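The block underneath contains the structure these notes are about, expressed in structure tokens.
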Amino acid sequence: DFGFAKQLRSVNGLLMTPCYTANFVAPEVLKKQGYDAACDIWSLGVLLYTMLAGSAPFAHGPDDTPSLILSRIEEADLNLHSGNWNSVSSAAKDLVTKMLHVDPKQRLTATQVLSHQWLAMREELPSLRLHLQEASVVKGALSATYRALNNCPRAPHLGPVAASALARRRRQSPDHQLQQHPQSFRLKSSTEV
1 DFGFAKQLRS VNGLLMTPCY TANFVAPEVL KKQGYDAACD IWSLGVLLYT MLAGSAPFAH
61 GPDDTPSLIL SRIEEADLNL HSGNWNSVSS AAKDLVTKML HVDPKQRLTA TQVLSHQWLA
121 MREELPSLRL HLQEASVVKG ALSATYRALN NCPRAPHLGP VAASALARRR RQSPDHQLQQ
181 HPQSFRLKSS TEV
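Numbering (UniProt numbering) for the sequence shown: 1 to 193.
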């Protein structure tokens with residue numbers, strides 16, 4: 001997301017190394033199936049949601065369990081119908097929904113975000129002020145999201161194949177030693193027996 005840049009891609013063109021800020025991580029990064037620039041649109045969508053709602057999109061309070069928060073992220077389970085959302089335009093809700101689409105292929109691109117009707121009509125700003133939530137509630141929800149993502153199972157550390165237990169066993173086997181040092185192993189002729 002915002003703090004990382006990487007040029008190397010796998011054969012399918014997707015990045016595979018999960019690099020993210022916990023509260024802004026896209027579902028495809030969590031699933032470790034590869035990701036591209038669409039994960040940045042997700043992160044911007046989380047930021048926009050938070051600015052409009054005054055709360056985090058997937059953690060509704062400090063008592064949310066990690067598994068509940070992660071399942072909300074993976075399903076893009078959004079609440080756009082209560083609290084500050086009652087004062088938010090349908091165009092803004094449409095933009096947030098499309099930026100937080102769970103399928104990265106159906107998520108808006110940066111160009112589509114910039115040309116979205118909600119951003120295009122910025123001259124028509126509403127006069128309503130949004131009700132701000134208590135900062136401790138928002139911080140608690142963000143902390144719960146962070147804890148959920150920190151408790152998420154990590155990908156195993158992959159080392160060189162030559163350092164694996166199987167490679168070490170193979171190096172110790174007689175067949176391997178024969179292949180490495182054939183001159184020290186020779187067959188005896190029938191006259192030497």
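Using N, Cα and C, we set each Cβ at its ideal position, and we do this for glycine too.
Only a predicted model underlies this, so the values are computations on that prediction, with no experimental measurement involved.
What does a CB cutoff of less than 8 Å around residue i pick up in its chain, not counting 5 residues either side in sequence?
{"i": "Leu52", "result": "Asn84, Trp85, Val88, Ala92, Val96 and Leu130"}
{"i": "Gln7", "result": "Because the pLDDT of Gln7 is 49, which lies under 50, any placement of that residue in the model is unreliable, and the number read from its coordinates should be weighed accordingly. Closer than 8 Å at the Cβ level, and outside the excluded window around Gln7, lies no residue."}
{"i": "Val161", "result": "Ala167"}
Within the same chain, show all residues whose beta-carbon is closer than 6 Å to that of residue i, passing over the 5 residues directly before and after it, in chain order.
{"i": "Ala76", "result": "Leu100 and Val102"}
{"i": "Val11", "result": "Any reading at Val11 must be qualified, since the residue scores a pLDDT of 49, below 50, and its modelled position is unreliable; the value itself is stated next. Closer than 6 Å at the Cβ level, and outside the excluded window around Val11, lies no residue."}
{"i": "Ala59", "result": "Ile69, Ala141, Ala144 and Thr145"}
{"i": "Ala38", "result": "Pro104 and Arg107"}
{"i": "Tyr49", "result": "Pro57 and Val96"}
{"i": "Leu62", "result": "Here the sequence assigns Pro to residue 62, which means Leu is not the residue at that position. Cβ neighbours of Pro62 beyond the five flanking positions: Gly140 and Ala144."}
{"i": "Ser82", "result": "none"}
{"i": "Glu28", "result": "Tyr35 and Pro104"}
{"i": "Arg109", "result": "Here residue 109 turns out to be Thr, not Arg, going by the sequence shown. None."}
Return the CA-CA distance between residue i and residue j, expressed in angstroms with no decimal places.
{"i": "Glu74", "j": "Arg171", "result": "44 Å"}
{"i": "Ala120", "j": "Val113", "result": "10 Å"}
{"i": "Asp64", "j": "Arg169", "result": "47 Å"}
{"i": "Ser115", "j": "Leu30", "result": "29 Å"}
{"i": "Lys139", "j": "Ala26", "result": "20 Å"}
{"i": "Ser55", "j": "Arg72", "result": "15 Å"}
{"i": "Trp118", "j": "Gln33", "result": "32 Å"}
{"i": "Arg147", "j": "Ala135", "result": "18 Å"}
{"i": "Val137", "j": "Leu149", "result": "19 Å"}
{"i": "Lys98", "j": "Glu123", "result": "22 Å"}
{"i": "Leu80", "j": "Asp94", "result": "10 Å"}
{"i": "Leu78", "j": "Thr111", "result": "24 Å"}
Residue i by DSSP, collapsed to three states: which one?
{"i": "Glu28", "result": "helix"}
{"i": "Phe4", "result": "Residue placement at Phe4 cannot be trusted, given a pLDDT of 49 that sits under 50; the coordinates are not used to answer."}
Which residues in the same chain have their Cβ closer than 7 Å to the Cβ of residue i, if we skip the five residues on either side of it in sequence?
{"i": "Asn151", "result": "Pro66"}
{"i": "Ser173", "result": "none"}
The region 40-58 / the region 102-115 touching (three or more Cβ pairs under 8 Å): The region 40-58 is in contact with the region 102-115.
4-residue-minimum alpha helix (DSSP H) runs that sit fully inside the region 83-145, ordered along the chain: List check, alpha helix (DSSP H) in window: 90-99, 110-114 and 117-120.
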